[in-house]
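Protein chains: 2
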Amino acid sequence: MPPRFSIANILVGPQGEEFLRGFIHRSYPKGSLISSGDIDENGILVVMSGRLRMFLISEDRELSLFYFGPGDMFCLHSGCLIEAAEPSELKFTDLATFDKKLRENPQIAWALISILGRALASFLRTIEDLMFHDIKQRIANYFIDHAHSSGRPSPSGVEVEIRLSVEDIAKSIGSSRQATSTAINSLIKDGLLVRQGRGVYAIPAIERLRSFR
Amino acid sequence: MPPRFSIANILVGPQGEEFLRGFIHRSYPKGSLISSGDIDENGILVVMSGRLRMFLISEDRELSLFYFGPGDMFCLHSGCLIEAAEPSELKFTDLATFDKKLRENPQIAWALISILGRALASFLRTIEDLMFHDIKQRIANYFIDHAHSSGRPSPSGVEVEIRLSVEDIAKSIGSSRQATSTAINSLIKDGLLVRQGRGVYAIPAIERLRSFR
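Rendered as structure tokens:
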């Protein structure tokens, strides 16, 4: 749904200069913490250059949620940590100023829709990973077994013809149709499987599918 | 960040009639499945009336991700299931038509930003629930213990004064400062705790905090 739209080129032009007037500029070396995600924090950041990582730390692991690049903007009070994955140049402003600037530059709205849509897709993949990790592993093994027994080389990778419905695959791996369908779609979104046609899949990189966490 | 904005009132006016011209109208009884979340599904839905639930089903549980109300719109290829939580009237169109209509009615972009922002916050709460469930329970117990030993009634609920930093709370429950901070913020976002001031919290409903999953 989000229109493909980047404001990276707008931001460096005269219109960007006007939009970013009054913003505070800060530089961050690689690895430095930009936001501790405190919900009391207030404001908006705009990435001028570099790459940011949004993440959460729980008791036993760290979870990357989303990466930002040039032209991306986000709020600081999301509750997530944000660090510089690369040396980064950022602009900051408060919410009220950002809201005003946004209304003066309505085309920036498309950029926001694009970022929010990308973040939403990325968050959903994280939820699927957390919920469906076990079954995704079993399906990965199921496809690897088929690739070894009956796979054929194809331009998209090893092609596997499974003459079974999702319901049949679900029975083979001992799960429900719905969970199996979601998990297969999730592997497709991860780029580990490609659906070529009805019951025909390609595995672009068997090693990547095997080492799937 | 998402500006508070609803297009529910625009959709029922003359502008809405123009915007929704060519959309397909469908009615759904309560409990009926609207989208199976197949990533091959294509299109946009707009809620005219009723309430929709977006959810995922894994092997051992069902997880509600987001609720839609009148004026909300979303894509069908998210990979999530969508059902009618109440009897609902919807409008459907394909992506290309929606994109065109959106460009003709740019103020609809604000509605999209608002929905995407709300969905993002809701998805993040789900991730926190999945990642931080154990530690949230321990913190809930910690606050309930304090409420029983030293709580005072206040207009916001039982007020608890913890003369300790987050770092000290983390040590008491045997966790890291960062995980404890995220988990406390998550309980605040859930409405189970209210931060009154430095080290002072209120518990609006002890029973709700106790029965926290």
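Chains as they are written, first to last, in our numbering: chain A, 1 to 213; chain B, 1001 to 1213. All C-beta atoms in this analysis are idealised placements derived from N, C-alpha and C, irrespective of residue type, glycine included.
{"Query": "Exposed unless 16 or more other CB atoms sit within 10 angstroms - verdict on B/ARG1053", "Result": "buried"}
{"Query": "Own chain partners of B/ILE1169 with C-beta closer than 6 Å, once the 5 adjacent residues on each side are dropped", "Result": "THR1180"}
{"Query": "Span of the beta strand (DSSP E), counted from its first residue to its last, around B/SER1035", "Result": "1033 to 1035"}
{"Query": "Whole-angstrom C-beta distance between A/SER156 and A/VAL194, which should lie under 8 Å", "Result": "5 Å"}
{"Query": "Top-ranked residue by Cα proximity to B/GLU1128, from A/GLU41, A/GLU17 and A/GLU59", "Result": "A/GLU59"}
{"Query": "Residues bridged to B/GLY1197 [DSSP beta-bridge criterion]", "Result": "B/VAL1200"}
{"Query": "DSSP-derived helix/strand/coil call for A/ALA85", "Result": "coil"}
{"Query": "Spatial distance of A/ILE24 from B/SER1211 (CA atoms)", "Result": "45 Å"}
{"Query": "Pair within 7 Å by beta-carbon distance, A/GLY199 and A/ILE173", "Result": "no"}
{"Query": "Interface flag, A/SER35 vs chain B, CB-CB below 7 Å", "Result": "no"}
{"Query": "Selection of the segment 187 to 203 of chain A by Cβ proximity to chain B, strictly under 9 Å", "Result": "ILE188, LYS189 and ARG195"}
{"Query": "Sequence-distant residues of its chain with Cβ nearer than 7 Å to B/GLU1086 (five each side left out)", "Result": "LYS1030, GLY1050 and ARG1051"}
{"Query": "Sheet register partners of A/CYS80 (DSSP bridge)", "Result": "Its beta-bridge partners do not exist; DSSP assigns none."}
{"Query": "DSSP three-state assignment for A/GLY211, whether helix, strand or coil", "Result": "It should be pointed out that residue 211 of chain A corresponds to Ser in this sequence rather than to Gly. If DSSP states are grouped into helix, strand and coil, A/SER211 belongs with coil."}
{"Query": "Three-state secondary structure assigned by DSSP to B/LYS1189", "Result": "helix"}
{"Query": "Element boundaries [alpha helix (DSSP H), containing B/PHE968]", "Result": "Nothing can be reported for residue 968 of chain B: it is not among the residues displayed for chain B, which extend from 1001 to 1213."}
{"Query": "Three-state secondary structure assigned by DSSP to B/LEU1020", "Result": "coil"}
{"Query": "Proximal chain B residues relative to A/ALA140, where beta-carbon distance stays under 8 Å", "Result": "None at all; the shortest Cβ gap to chain B is about 15 Å."}
{"Query": "Minimum Cβ-Cβ distance from A/THR97 to chain B less than 7 Å", "Result": "no"}
{"Query": "Where A/THR182 meets chain B, residues with beta-carbon distance less than 9 Å", "Result": "GLY1037, LEU1056, ILE1057, SER1058, GLY1079, CYS1080 and LEU1081"}
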